[in-house]
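Numbering (my numbering), first residue to last: 1 to 369. Step one of this worksheet: look at the structure below.
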Ligand SMILES: [Fe+2]
């Protein structure tokens, strides 16, 4: 499910890795250049479909508070590491897809305050979150700023004790309550709303995994450019992180992203359809079945964003183009053809049956005579 296009896969763990735990070496600094207090928190969790999580260590007013942005698995070593450094003040969730481990972390740190945007609360198990951000990313150009973190929180806010260095910005599109987090005007934590693409050479978003609205996603990127918010590092949950040489370059990349996004059709991918598509892609090796689900299960706009990473498909000359050129109408034509064939066969069988039945009746009738 983490990668329906087969860009990553499970492999047997090499023997040399078995001598030490996977969690060794975490938390890892995200940047050698800045030497700042921002870390990759732990091994990307399976529960988050491999999503990365981050740790800010020694922040806040007294430089002695810690914060998680999304969570790794609640690993004992990491819990101990944090307990030795003053515990955990906040867990900020970038959006609802990444909350799988929130209960374990709350148990480990009962005083921690869990933060998420109110538009993203999926169910009763998350209603107990301590801070629900409120405010829309659609209504203004992002001119207001406040330290409020409760009911009247506007588009841009911070958290008590972190006003000097942290900004939370509502950025819907991937989900209605997605947020961006900017730390020290340098680090932009994006959840699943923005990441770097080496193929495109600039920042991009996930059109295929856009659960809410592609146009709203683009609008939230424009909000980032309107103020504009400064950042050098883009640190996503899923997708590739990137460090830009300057803030100007980062903004140019975001502008390129907005332009690129306009080439993709508006809309969204219903989660249920994505799950069906992803499960088929990950569990079946039958190419015809993959082709059928690629062309029938996903909406047209989403389908155009399917990346091709499998060697099998990349090996085909022009495979990507040919694959992407298969339009909905093409699929419909094929489906109509298949249905027509089935109907034709059915009619033939019925006719044959009728003819056969007539013969029997005739014989019977003849018998009666
Ligand atoms: Fe997500």
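Ideal Cβ placement from N, Cα and C applies to all residues, glycine included. Note that the structure is a prediction, hence the values are computed from the model and not measured.
In the DSSP assignment, residue 79 falls within the alpha helix (DSSP H) that extends over 76-83. For residue 66, no alpha helix (DSSP H) encloses it; the enclosing beta strand (DSSP E) starts and ends at 65-69. With a threshold of 7 Å, the Cβ atom of residue 117 does not count as near ligand 1, since no heavy atom of the ligand is closer than that. Under the three-pair Cβ rule at 8 Å, the segment 227-245 counts as touching the segment 188-203.
Among the bridge pairs identified by DSSP, residue 242 is matched with 234. Taking all protein chains in view, the Cβ of residue 70 is crowded by 16 or more other Cβ atoms within 10 Å, so the residue is classified as buried. Taking 7 Å as the cut-off, the C-beta of residue 170 does not count as close to any heavy atom of ligand 1. Pairing residue 184 with residue 163 gives a Cβ-Cβ distance that is not under 8 Å. Per the DSSP secondary-structure output, residue 39 pairs in a beta bridge with 29, 55.
For residue 224, the three-state secondary structure derived from DSSP is helix. For residue 120, the Cβ stays outside the 7 Å cut-off from all heavy atoms of ligand 1. Each of 97, 192 has a C-beta closer than 5 Å to some heavy atom of ligand 1; these make up the full list, in chain order.
Out of 62, 64, 43, the CA that lies nearest to the CA of residue 72 is found in 43. Judged by their CB atoms, residue 130 and residue 114 are nearer to each other than the 8 Å cut-off.
Shown here for residue 176: same chain residues with a beta carbon closer than 7 Å to its own, the five before and five after excluded, namely 119, 120, 212 in chain order.
Taking C-beta separations shorter than 7 Å and ignoring five residues to either side along the sequence, the partners of residue 39 in its chain run 27, 28, 29, 30, 54, 55, 57, following chain order. The criterion of a C-beta distance shorter than 8 Å is not satisfied by residue 214 and residue 294. Collapsing the DSSP output to three states places residue 156 in a strand.
Note on geometry: alpha-carbon atoms of residue 304 and residue 159 lie some 39 Å from one another. According to DSSP, residue 167 shares a beta bridge with 182.
Straight through space, the alpha carbons of residue 37 and residue 67 are spaced by roughly 11 Å.
The segment 245-254 makes contact with the segment 223-234; the number of CB pairs closer than 8 Å reaches 3 or more.
In terms of Cβ geometry, residue 194 and residue 203 form a close pair [threshold 8 Å]. Excluding five sequence positions before and after residue 47, the CB atoms of its chain that fall closer than 8 Å to its own CB belong to 73, 100, 101, given in chain order.
In the three-state reduction of the DSSP assignment, residue 188 falls in the strand class.
DSSP places residue 258 in the uninterrupted alpha helix (DSSP H) bounded by 247-261.
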